[in-house]
Amino acid sequence: MDTAGASGVTGDSYTVSAADQKFFEANGYVLLKQVVTEQELQTIIEPVYLKFINGEVHVPGKDLCDMSGAQGRTPDQFTVYNVMLPRVYYPAWQGNVLEKRCKAIADQLRGGDMHIDFDQIFAKRASSADSAFLWHQDAAYWPPLTSDTSAANCWLALSDVTQGMAACATCLAATWSHSCAGTGRVRVQCVGKTREESHAICTDIDESEERVVDVAAARGDLIVHHERTLHCSYPNLSREWRHAYILNLRKAACIAEERALGFNHSHNTQLNWDVFSKWP
């Protein structure tokens, strides 16, 4: 594989340039341009994505929720429309070109043997002040494991997100090489009436003292970060919905260990919610 040139699509695969690989290693994230073409978005990704947004695919229980944490809303009132495991609830989507390219990307960035652990749909309502995701590491949502926990979180922009919008774009601080767990900086974001109603973890960050980078992504671009990258996204104050789709890939042994523990990333699985009990 020739990585000397620019990153780009190669058939159903995607080549990450040596420069982009080096950037990822140094910063914990990288922006990859046009991982999915406009035609592929319109014919492969969006038709299924919109089935979930429009309620045409049944999603049971808490796997369809408002990630703003607001209680008592119906799906048509959600501020942050979230679907966990859409490829499980719509199996015909599996094996699409985005999945193939994300695997190729993850293998190049994380040393191979990377496989899809879970996927997720995010859509932020226009002019929604409560649609922020606070600073966090993805690893904070997962149980401690003995296997290699390397992850590649692949965030596909289905809407243009420019600097200043900060709607669905991920904003990343300098990479942390360690977990924030046990530092006293990690807490449950208590947005419900009780702790049990809260389902977001946040890390206390002073943005004036950290190197914060706003990442502008165009439709079809992919932001990739690893499990310990601190990131957030600000509210969608624009006049349009902001849509994103996430594929998270991890090592085969890691996924197998998760499943053996009964952890499958569904919000309907009690173990997933028990993970929060470690935080104050």
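With our numbering applied, the sequence shown has no gaps in its numbers, which climb one by one up to 284 at the end.
We treat Cβ as the ideally placed atom computed from N, Cα and C, and that holds for glycine.
Quiz item: Closest by CA to residue 235, which one among 246, 244, 210?
Solution: 210
Quiz prompt | Distance, residue 258 Cα to residue 19 Cα | solution = 25 angstroms
Quiz item: Can you check whether the CB of residue 121 is closer than 9 angstroms to the CB of residue 254?
Solution: yes
Quiz prompt | Inter-stretch contact (C-beta, 8 angstroms, three-pair minimum) for the segment 75-89 and the segment 109-128 | solution = By the Cβ test, the segment 75-89 is in contact with the segment 109-128, since at least three Cβ pairs between them sit closer than 8 angstroms.
Quiz item: Which residues in the same chain have their Cβ closer than 7 angstroms to the Cβ of residue 44, if we skip the five residues on either side of it in sequence?
Solution: The residues 101, in chain order, have a CB closer than 7 angstroms to that of residue 44 in the same chain once the five nearest residues on each side in sequence are set aside.
Exercise. Could you spell out the range, first to last residue, of the alpha helix (DSSP H) harbouring residue 246?
Key: Unbroken run through residue 246 is the beta strand (DSSP E), 246-255; no alpha helix (DSSP H).
Exercise. To the nearest angstrom, report how far apart residue 230 and residue 97 are at their CA atoms.
Key: 24 angstroms
Practice problem: Enumerate in chain order the residues of its own chain whose CB-to-CB distance from residue 57 is below 7 angstroms, with the five nearest sequence positions on each side excluded. | Solution: 85, 127
Quiz item: Near residue 248, what residues of its chain come up, given a Cβ to Cβ distance below 7 angstroms and the 5 sequence neighbours on each side ignored?
Solution: These residues qualify, in order along the chain: 126, 159, 160, 161, 162, 172.
Practice problem: Please classify residue 5: is it buried, with 16 or more other beta-carbons within 10 angstroms of its beta-carbon, or exposed? | Solution: Label assigned to residue 5: exposed.
Self-check item: Helix, strand or coil at residue 240 [DSSP, three-state]
Solution: Strand.
Quiz item: Are residue 157 and residue 228 close, meaning C-beta to C-beta below 9 angstroms?
Solution: Contact: yes.
Practice problem: Spatial neighbours of residue 110 within its chain, please: CB distance less than 8 angstroms, with the 5 preceding and 5 following residues excluded, ordered by chain position. | Solution: 118, 156, 158, 228, 253
Quiz prompt | Alpha-carbon spacing of residue 250 relative to residue 8, whole angstroms | solution = Residue 250 and residue 8: Cα-Cα distance of roughly 28 angstroms.
Quiz item: Quick one: what's got a C-beta closer than 8 angstroms to residue 49's C-beta in the same chain, skipping five residues either side?
Solution: 40, 100, 102, 160, 162, 249
Practice problem: Tell me residue 128's beta-bridge partners as DSSP assigns them. | Solution: 84, 246
Quiz item: Using a Cβ-Cβ distance under 9 angstroms, would residue 121 count as near chain C?
Solution: Any reference to chain C falls outside this structure, which holds one protein chain only.
Practice problem: Thinking residue 72 and residue 37 are a contact (beta carbons under 8 angstroms), I'd like their distance in whole angstroms, please. | Solution: About 30 angstroms; that fails the 8 angstroms criterion.
Practice problem: Using three-state DSSP, classify residue 152 as helix, strand or coil. | Solution: coil
Quiz item: Using a Cβ-Cβ cut-off of 6 angstroms (strictly less than) and excluding sequence neighbours within five positions of residue 269, which residues of its own chain qualify?
Solution: 122
Self-check item: Which of helix, strand or coil DSSP assigns to residue 94
Solution: In this structure, residue 94 counts as coil in the three-state DSSP scheme.
Quiz prompt | Candidates 33, 271, 260: closest to residue 151 by CA position | solution = Residue 260 is the option with its Cα nearest to residue 151.
Quiz item: How long is the line joining the alpha carbons of residue 53 and residue 135, rounded to whole angstroms?
Solution: 20 angstroms
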